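Down below is the structure, laid out as structure tokens.
Number of protein chains: 2
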Amino acid sequence: MFRQLGRLGHMSAPPLDPSEHRSGALLDHLARRMRLRSETVLAPLGLRPRHLVALTVLRAGGGTSQQALATILEMDSTNIVGLLNDLEAEQLVERRRSPEDRRRHVVELTQDGAKRLSEAECALAGAEDEVLGALDPNERETLYELLRRAAATTSPINCTEVICAGDEPL
Amino acid sequence: MFRQLGRLGHMSAPPLDPSEHRSGALLDHLARRMRLRSETVLAPLGLRPRHLVALTVLRAGGGTSQQALATILEMDSTNIVGLLNDLEAEQLVERRRSPEDRRRHVVELTQDGAKRLSEAECALAGAEDEVLGALDPNERETLYELLRRAAATTSPINCTEVICAGDEPL
DNA sequence: AAGGATCGTCTGTGCAGCACCAACTATTTA
DNA sequence: TAAATAGTTGGTGCTGCACAGACGATCCTT
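So the sequences go chain by chain: A and B.
Numbering (the numbering used here) for the first sequence: 2 to 171.
Numbering (the numbering used here) for the second sequence: 2 to 171.
Right, dumping it as structure tokens:
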């Protein structure tokens with residue numbers, strides 16, 4: 002017995018090279034937890050999680066073309082149309098023709114939109130308390146700031162396949 | 002004037018009370034960006050994002066019942082079955098009967114599982130570089146640590162509706 | 001002026017990730 | 001012995017997307 006598993010039974014954290022620390026799965030996990038709660042909290046406000054993401058991006062980014070929005074959200078631009086239709090139907094967002102290029106729409110948050118967004122954020126306090134309960138206010142603010150900065154950059158999807166050395170033996 | 006909304010027109014960042022900073026939308030946004038990349042990176046390894054989440058939870062948590070896993074992942078327990086079937090089919094995970102309660106399965110990461118997980122994390126380096134490009138290594142480690150700690154706690158879904166004061170007047 | 005590219009729109013199709021329900025077995029607890 | 005619990009199986013259906021095709025409007029070339 003104990004043949005091939007020299008893993009000592011049950012412990013929590015096998016020594017992990019910090020350079021291999023990946024936030025992806027954690028991000029996924031926490032986002033799910035948050036989204037499940039957001040859905041029910043946001044419903045009475047007539048919003049869904051993706052609407053909140055769009056509003057947040059618009060608040061951070063000012064006037065943006067739908068194309069740009071598709072790039073930022075990394076969604077197909079045909080789906081952006083419907084998303085913006087939802088928001089515009091409730092006057093949370095405004096589509097204006099760009100004066101420089103009349104093909105483009107400049108999408109912008111309205112006052113109503115900003116207000117609704119802030120209401121939503123307020124309503125989400127409880128949800129966040131549950132999901133981020135392990136973090137104190139300072140840590141939450143740090144987290145927020147890191148996420149905000151990361152989300153503020155647009156990255157192309159390249160992602161060349163990398164073969165990692167040092168893993169394959171045994 | 003400037004009653005409750007001091008925001009004018011179009012600028013990027015209206016003054017936002019730090020206590021209203023919500024990470025939910027950012028979490029959602031970044032998780033999506035990450036997931037889109039993960040899918041293609043993970044595919045050659047025979048994994049999908051949710052598999053990675055499960056493996057990560059198992060590495061962090063040691064032996065867990067499927068019930069507990071459902072609670073942690075906040076997924077319906079019937080879907081946990083299929084998820085674990087996938088993982089067990091590739092021997093990344095082991096279901097053993099619990100000695101104390103023979104109804105239960107104790108799910109545990111195998112050596113193969115730990116190896117595959119670490120390979121996957123390694124392969125995701127490029128994806129993370131793209132998504133978290135705005136953060137330097139120190140900040141990424143901070144982010145990882147915050148996410149890890151937040152994900153380590155299990156929170157019940159209560160989320161009482163809260164009406165925020167100071168928002169409702171026109 | 002003419003041709004091609006680009007932006008947004010519309011419609012339609014299809015898939016993946018889930019939740020939810022119902023029924024069943026094996027086991028534990030009351 | 002009866003009732004509750006853990007896991008499994010199978011089925012249904014919703015939602016959020018991606019993707020493709022076609023179209024008008026508007027650029028940008030040449």
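Ideal Cβ positions, reconstructed from N, Cα and C, are used throughout, including at glycine.
Note that the structure is a prediction, hence the values are computed from the model and not measured.
Could you name the residues of chain B that A/ASN159 contacts, counting a contact when the two beta carbons are closer than 7 Å? GLU131
Here's the rule I'm using: 16 or more other beta-carbon atoms within 10 Å means buried, otherwise exposed. How should A/MET12 be labelled? The predicted model places A/MET12 with a pLDDT of 46, which falls under 50 and marks its position as unreliable, so this point remains unresolved.
Counting contacts by CB-CB distance shorter than 8 Å, is A/ARG38 in contact with chain B? yes
Can you give me, in chain order, the residues of the segment 95-120 of chain A that have a beta carbon less than 7 Å from any beta carbon in chain B? Under the 7 Å Cβ criterion, the segment 95-120 of chain A contributes GLU109, GLN112, ALA115, LYS116, SER119 and GLU120.
B/LEU74 in three-state terms, based on DSSP: helix
Rounded straight-line distance, which links the Cα of B/ALA128 to that of B/ARG36: 9 Å
Beta carbon of A/LEU85, beta carbon of A/GLN67: below 8 Å? Cβ atoms of A/LEU85 and A/GLN67: closer than 8 Å.
Using DSSP with H/G/I as helix, E/B as strand and the rest coil, what is A/LEU110? strand
Give me, in chain order, the residues of the same chain whose beta-carbon lies closer than 6 Å to that of A/ARG104; leave out the 5 immediate sequence neighbours on both sides. none
Between the Cα of A/SER24 and the Cα atoms of B/LEU27, B/LEU59, B/ALA32 and B/SER99, which residue gives the shortest distance? B/ALA32
Around the Cβ of B/GLU40, are there at least 16 other Cβ atoms within 10 angstroms (buried) or fewer (exposed)? With fewer than 16 other Cβ atoms inside 10 Å of its own Cβ, B/GLU40 counts as exposed.
Exposed or buried, A/ARG98, counting other C-beta atoms within 10 Å across all chains shown (16 or more means buried)? exposed
Between B/THR154 and chain A, is any beta-carbon pair separated by less than 8 Å? yes
Indicate whether the contact test is met: 3 or more Cβ pairs, each with one atom in the segment 142-158 of chain B and one in the segment 134-141 of chain A, closer than 8 Å. yes
Which of the three DSSP states is assigned to B/THR143 in this structure? helix
Within 10 Å of its beta-carbon, does A/VAL107 have 16 or more other beta-carbons around it, so buried, or fewer, so exposed? buried
With 16 as the cutoff for other CB atoms within 10 Å, does B/ASP29 come out buried or exposed? Counting the other Cβ atoms within 10 Å of the Cβ of B/ASP29 gives 16 or more, which makes it buried.
Test: A/ASP29 CB closer than 8 Å to a CB of chain B: yes
Taking buried to mean at least 16 other C-beta atoms within 10 Å of its own C-beta, is A/PRO45 buried or exposed? Burial check for A/PRO45: the Cβ neighbour count within 10 Å stays below 16, so the residue is exposed.
Determine the direct distance from the alpha carbon of B/GLU122 to that of B/GLU140, and round the result to whole angstroms. 18 Å
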